[in-house]
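Peer 1: Protein chains in written order, with full-length UniProt numbering: chain R, 1 to 461; chain A, 1 to 461.
Protein chains: 2
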Amino acid sequence: MTTNQNVNDKPSIGIVGAGLVGCLAALAFTRKGYDVNLFDLRPNPSSIDRSRRNLRSINLAVSNRGLRAVEYVDEALSRKILEHVIPMQGRMVHDKTGLKQESQLYGLHGECINSIDRSYLNDLLLEELAESGVKVYFEHKLVKLGNVDTAPTMEFAKKDGNVTFGFDYIIGADGAHSHFRHQMQKGMRMDFSQKYIDMQYMELYIPPDPEKKFAIDANHLHIWPRHDFMLIALANEDGSFTSTFFSPWHVIESITSSSEFTQFFKTNFPDAYNLIGEEALVSAFDNNPRGSLMQISAYPYNSPHGKAIIIGDAAHSMVPFYGQGMNCGFEDVRILMELIEANEGNIEKAFLAYSPQRKDDLDAICKLALDNYYEMSSKVTNIWYLVKKKLDYTLGSWFENRWLPLYTMISFRDDIPYSKAVTIEAKQSRILNNLQIGLVGSILVYGAVQGARLYEKWKYR
Amino acid sequence: MTTNQNVNDKPSIGIVGAGLVGCLAALAFTRKGYDVNLFDLRPNPSSIDRSRRNLRSINLAVSNRGLRAVEYVDEALSRKILEHVIPMQGRMVHDKTGLKQESQLYGLHGECINSIDRSYLNDLLLEELAESGVKVYFEHKLVKLGNVDTAPTMEFAKKDGNVTFGFDYIIGADGAHSHFRHQMQKGMRMDFSQKYIDMQYMELYIPPDPEKKFAIDANHLHIWPRHDFMLIALANEDGSFTSTFFSPWHVIESITSSSEFTQFFKTNFPDAYNLIGEEALVSAFDNNPRGSLMQISAYPYNSPHGKAIIIGDAAHSMVPFYGQGMNCGFEDVRILMELIEANEGNIEKAFLAYSPQRKDDLDAICKLALDNYYEMSSKVTNIWYLVKKKLDYTLGSWFENRWLPLYTMISFRDDIPYSKAVTIEAKQSRILNNLQIGLVGSILVYGAVQGARLYEKWKYR
Numbered sequence: 001m002t003t004n005q006n007v008n009d010k011p012s013i014g015i016v017g018a019g020l021v022g023c024l025a026a027l028a029f030t031r032k033g034y035d036v037n038l039f040d041l042r043p044n045p046s047s048i049d050r051s052r053r054n055l056r057s058i059n060l061a062v063s064n065r066g067l068r069a070v071e072y073v074d075e076a077l078s079r080k081i082l083e084h085v086i087p088m089q090g091r092m093v094h095d096k097t098g099l100k101q102e103s104q105l106y107g108l109h110g111e112c113i114n115s116i117d118r119s120y121l122n123d124l125l126l127e128e129l130a131e132s133g134v135k136v137y138f139e140h141k142l143v144k145l146g147n148v149d150t151a152p153t154m155e156f157a158k159k160d161g162n163v164t165f166g167f168d169y170i171i172g173a174d175g176a177h178s179h180f181r182h183q184m185q186k187g188m189r190m191d192f193s194q195k196y197i198d199m200q201y202m203e204l205y206i207p208p209d210p211e212k213k214f215a216i217d218a219n220h221l222h223i224w225p226r227h228d229f230m231l232i233a234l235a236n237e238d239g240s241f242t243s244t245f246f247s248p249w250h251v252i253e254s255i256t257s258s259s260e261f262t263q264f265f266k267t268n269f270p271d272a273y274n275l276i277g278e279e280a281l282v283s284a285f286d287n288n289p290r291g292s293l294m295q296i297s298a299y300p301y302n303s304p305h306g307k308a309i310i311i312g313d314a315a316h317s318m319v320p321f322y323g324q325g326m327n328c329g330f331e332d333v334r335i336l337m338e339l340i341e342a343n344e345g346n347i348e349k350a351f352l353a354y355s356p357q358r359k360d361d362l363d364a365i366c367k368l369a370l371d372n373y374y375e376m377s378s379k380v381t382n383i384w385y386l387v388k389k390k391l392d393y394t395l396g397s398w399f400e401n402r403w404l405p406l407y408t409m410i411s412f413r414d415d416i417p418y419s420k421a422v423t424i425e426a427k428q429s430r431i432l433n434n435l436q437i438g439l440v441g442s443i444l445v446y447g448a449v450q451g452a453r454l455y456e457k458w459k460y461r
Numbered sequence: 001m002t003t004n005q006n007v008n009d010k011p012s013i014g015i016v017g018a019g020l021v022g023c024l025a026a027l028a029f030t031r032k033g034y035d036v037n038l039f040d041l042r043p044n045p046s047s048i049d050r051s052r053r054n055l056r057s058i059n060l061a062v063s064n065r066g067l068r069a070v071e072y073v074d075e076a077l078s079r080k081i082l083e084h085v086i087p088m089q090g091r092m093v094h095d096k097t098g099l100k101q102e103s104q105l106y107g108l109h110g111e112c113i114n115s116i117d118r119s120y121l122n123d124l125l126l127e128e129l130a131e132s133g134v135k136v137y138f139e140h141k142l143v144k145l146g147n148v149d150t151a152p153t154m155e156f157a158k159k160d161g162n163v164t165f166g167f168d169y170i171i172g173a174d175g176a177h178s179h180f181r182h183q184m185q186k187g188m189r190m191d192f193s194q195k196y197i198d199m200q201y202m203e204l205y206i207p208p209d210p211e212k213k214f215a216i217d218a219n220h221l222h223i224w225p226r227h228d229f230m231l232i233a234l235a236n237e238d239g240s241f242t243s244t245f246f247s248p249w250h251v252i253e254s255i256t257s258s259s260e261f262t263q264f265f266k267t268n269f270p271d272a273y274n275l276i277g278e279e280a281l282v283s284a285f286d287n288n289p290r291g292s293l294m295q296i297s298a299y300p301y302n303s304p305h306g307k308a309i310i311i312g313d314a315a316h317s318m319v320p321f322y323g324q325g326m327n328c329g330f331e332d333v334r335i336l337m338e339l340i341e342a343n344e345g346n347i348e349k350a351f352l353a354y355s356p357q358r359k360d361d362l363d364a365i366c367k368l369a370l371d372n373y374y375e376m377s378s379k380v381t382n383i384w385y386l387v388k389k390k391l392d393y394t395l396g397s398w399f400e401n402r403w404l405p406l407y408t409m410i411s412f413r414d415d416i417p418y419s420k421a422v423t424i425e426a427k428q429s430r431i432l433n434n435l436q437i438g439l440v441g442s443i444l445v446y447g448a449v450q451g452a453r454l455y456e457k458w459k460y461r
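1) DSSP state of PHE180 of chain A, grouped into three classes?
2) Find out if the Cβ-Cβ distance for the pair LEU60 of chain A, ILE15 of chain A is shorter than 8 Å.
3) Within 10 Å of its beta-carbon, does GLU75 of chain R have 16 or more other beta-carbons around it, so buried, or fewer, so exposed?
4) Reducing DSSP to helix, strand and coil, say where VAL102 of chain A ends up.
5) Are three or more beta carbon pairs between the region 284 to 299 of chain R and the region 149 to 169 of chain R nearer than 8 Å?
6) Can you check the region 8 to 63 of chain R for any alpha helix (DSSP H) of at least 4 residues that lies completely inside it and give the ranges in chain order?
7) Tell me which same chain residues have a C-beta within less than 6 Å of the C-beta of GLU425 of chain A, skipping the five on either side of it?
8) Check each candidate in R:GLU237, R:GLN200, R:GLY98 and R:ASN434 and name the one with the smallest Cα separation from PHE214 of chain R.
9) When DSSP labels each residue in this structure, what does LEU142 of chain A get in the three-state scheme?
10) Please tell me whether GLN194 of chain R has its Cβ less than 8 Å away from any Cβ of chain A.
11) Residues of chain A with CB under 9 Å from ASP191 of chain R, in chain order?
12) Assign GLN5 of chain A to buried or exposed, taking buried as 16 or more other Cβ atoms, counted over all protein chains shown, within 10 Å of its Cβ.
13) Work out the CA separation of GLN436 of chain R and GLY329 of chain A for me, nearest whole Å.
14) If you draw a straight line from the alpha carbon of ASP332 of chain A to that of VAL93 of chain A, how long is it in whole angstroms?
15) Which one of R:LEU24, R:VAL136, R:GLU456 and R:VAL134 has the shortest CA to CA distance from ILE81 of chain R?
16) Would you mind working out which of A:ASP313, A:LYS96 and A:LEU404 sits nearest GLY19 of chain A, comparing C-alpha positions?
17) Hey, could you find the ends of the beta strand (DSSP E) residue 496 of chain A is sitting in?
18) With DSSP as the reference, please indicate the residues paired to LYS158 of chain A in a beta bridge.
19) Can you give me the Cβ contacts of ARG65 of chain R inside the same chain, cut-off strictly under 6 Å, excluding the 5 residues immediately before and after it?
20) Classify VAL85 of chain R as buried or exposed, calling it buried when 16 or more other Cβ atoms lie within 10 Å of its own Cβ.
21) Three-state secondary structure (DSSP) at GLY325 of chain A?
22) Specify, as a first and last residue, the run of the alpha helix (DSSP H) that PHE265 of chain A falls within.
23) Since ARG118 of chain R is in the alpha helix (DSSP H), which residue starts that stretch and which ends it?
24) Which runs of the alpha helix (DSSP H) at least 4 residues long sit entirely within the region 289 to 348 of chain A? Give them in chain order.
25) For GLN428 of chain R and CYS112 of chain R, what's the separation of their Cα atoms in angstroms?
26) Can you look up ARG376 of chain A in the DSSP assignment and give me helix, strand or coil?
27) Under 8 Å, do ASN268 of chain A and ARG226 of chain A count as touching if we go by C-beta distance?
28) Would the region 188 to 201 of chain A and the region 184 to 199 of chain R be scored as touching if the rule is three or more Cβ pairs under 8 Å?
29) For HIS222 of chain R, is the classification buried or exposed, using 16 other Cβ atoms within 10 angstroms of its Cβ as the cut-off for buried?
30) Would you check if the distance between the CB atom of SER119 of chain A and the CB atom of LEU27 of chain A is smaller than 8 Å?
31) Roughly how many angstroms lie between the CA atoms of LYS212 of chain A and GLY239 of chain A, to the nearest whole one?
32) Assess contact between the region 166 to 177 of chain A and the region 277 to 284 of chain A, defined as three or more Cβ pairs (one per stretch) separated by less than 8 Å. Is contact present?
33) Once you ignore the five residues that flank PHE138 of chain A on each side, which residues in its own chain have a CB closer than 6 Å to its CB?
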């Protein structure tokens, strides 16, 4: 057994998963002086041709919570990230004729969420880690956790055999299908649930226009909402858009040929059909994988003696409809580091405190993410929704900081925990409903009075 | 790869798990003429000294649903089982003084549930299988499922290496921690949840009295309900009782020595303390494992193409408080076989039909099992509960077949599906609550009238 010796008096940390959350966690611990080792089963992404990377990553939107967590770890890094984002100030809703687009702003004061390329962000984090001296081990597949309650070990399978490392603390950030979590569960009572959503997604691509410019407005998240299914598109720096088609499985499975698929697009998304192009749609239908969506929750996140913990998708995998998956995972890292500070470097105490403190917020955002599919796919075109939203935003601009639309709290107010945002929203929503009833009542009364006047005029004319 | 060839034109069936449900399923299929192969990771139980078997099995109560399923498969077998059961006609509630016992009957007409030894029942089923020519493979640990959608294979690890079998259909009956289910999940979208209940259990033993007879009434399920925790005891054929102590984890963990444990029993279960004996309690505290309780649910139970299915605890592990775990697992087998009949031997169609048909019933009994802990541990001593139960059973005896107490429907009426029982109970419960309010109202009115009369008498005396 290979045991990593501490290079200083700080404890050693082993992290599994060199995705976005695992990388940020590694960076956070190394910046505090810990001896950090990061493992991933995949090959080093810098060794792979970018065009051959898989087509299953929905584009990312980084918003305040994610940025705050990065700033907490490394302020310069957050500036580097912002240099390569495309701000999106609202949704652009495309109607079924393909002729009309309607902008719906996200914030009250022009706040934006930011489209960013996942691979770019991951590469940037890995570069920072390399410069920081974190030991990163690719092609190390976690096989087994040992002694999780006392002196944790992690056994990895490599091409040339297995190797075991020992650490003071271990962290699982290895995504929704986390093997770290699976191993932890063998030695403790961890509640767990995974629930599939009846929905597939398929990645599509909108190329830059002939002048190498954005074919549609880059500063919006484009949505083609069609109730049962929808298309979205987020801009990339090179003038292209990454687009994703979401539908229930029975919809995509009822389409049996690429010509039916292009016809489906021509009918339902005529402008997108033109933007993507017939040939690309045929190729996508024939070749692009269809991803499934699910929600995962586990509890508690930490092992009983505070030696191991899961963060990010490994602990709470949500559907992508609030654009908070990565932001929330980054927030996990900030909350965890702040707890270590609050406990004066006692990681055990911090790990033990993390689960009860974080649970309500993680439950809240997972539920919001699911609810937001309904909002994106159909409510955005509903008149009552639009009236309520208008009222909500009007009140928000009148009573700044005392009336906050839910989207603002989730995406732009990193100081409001997710669960608190939900509580505030519930209160505001009751008021809004009453206002809406009052408004309708007023219109009816006004209409009746006008009607009576007209009748009087008509009677005596 | 070893592939089992069909010995006749009937398809071949591979079943994982030679516990109660797996054995009954194997027997059911072989009786219909299928070529059945049964695998278990454990050694042949007949090769193990019975006294060395583990102390983690809560005693079983077989009731109508279980018996009906066995009868469906083999009527003679159900008679053999009934020769070795101890009928229990009700609960015997022991109070905290250790002096008072109160019988609460289960049925309206003396119906009984039946205490039976798990090992005896399992051995009996294995003997029947051996006589039926089913091939049973012990010490075969399932490693991997393959080609689940087309021609399923199962790879097993044995002492001397791995071996792979191919079957037309495969069934997982390998319990709550089912590896069969885990393997199935890799190739399909199966929802899954496991939730731990904050409760441990510890097996205890009440020996026969000095005359080798039952020390307490054998024909009752004995309960010592103490709100937060409880003790139960079920009779064995040899005059002893298998007893189980249930408590939240913090209760058992707050007891730090065997002397504290015996004191705890002396205080809370004085009569049980005498029956078990100080020495046995000390030994149990020091040596007996503490089991945890959890609920598991998965959905769907079948693979998308109807080649594989999970039954019993592998699909729905419930807490033991309604005594329905095995009964429900046996019912799974009957429902599945009836679906195969209804589909004229088309197993694929039967597997596909099974999940939607069975879901509501399995969800219902899992919830009832959990709710019944509350009933057993505390409600059985509550006056309102007792009044309502009295009313419930009175109405049940007055309106036979038109008013059925829930317990009767679940335990004695195998013709009423679990979910339907819950629906009927909800309707009856509303009526009962109204009756109870009426009853209390009548008593108050009666009291007021009597009071007024006394006052009149007093005024004019």
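Even glycine gets a Cβ: it sits at the ideal position worked out from N, Cα and C.
Peer 2: According to the structure data:
1) helix
2) no
3) exposed
4) Here residue 102 of chain A turns out to be Glu, not Val, going by the sequence shown. Strand, per DSSP.
5) no
6) 20 to 31
7) LEU406
8) R:GLU237
9) strand
10) yes
11) SER193, GLN194, LYS195, TYR196 and MET294
12) With a pLDDT of 44 at GLN5 of chain A, under the threshold of 50, the modelled position of that residue is not reliable, and the figure given next carries that caveat. Exposed, because fewer than 16 other Cβ atoms sit within 10 Å of the Cβ of GLN5 of chain A.
13) 53 Å
14) 32 Å
15) R:LEU24
16) A:ASP313
17) Limits of chain A in this structure are 1 at one end and 461 at the other, which puts residue 496 of chain A out of reach.
18) A:GLY161
19) ASN327, GLU331 and ASP414
20) buried
21) helix
22) 258 to 268
23) 118 to 132
24) 325 to 342
25) 23 Å
26) Going by the sequence as given, residue 376 of chain A is Met instead of Arg. Here MET376 of chain A sits in helix by DSSP.
27) yes
28) yes
29) buried
30) no
31) 6 Å
32) no
33) ASP40, PRO43 and ASN44
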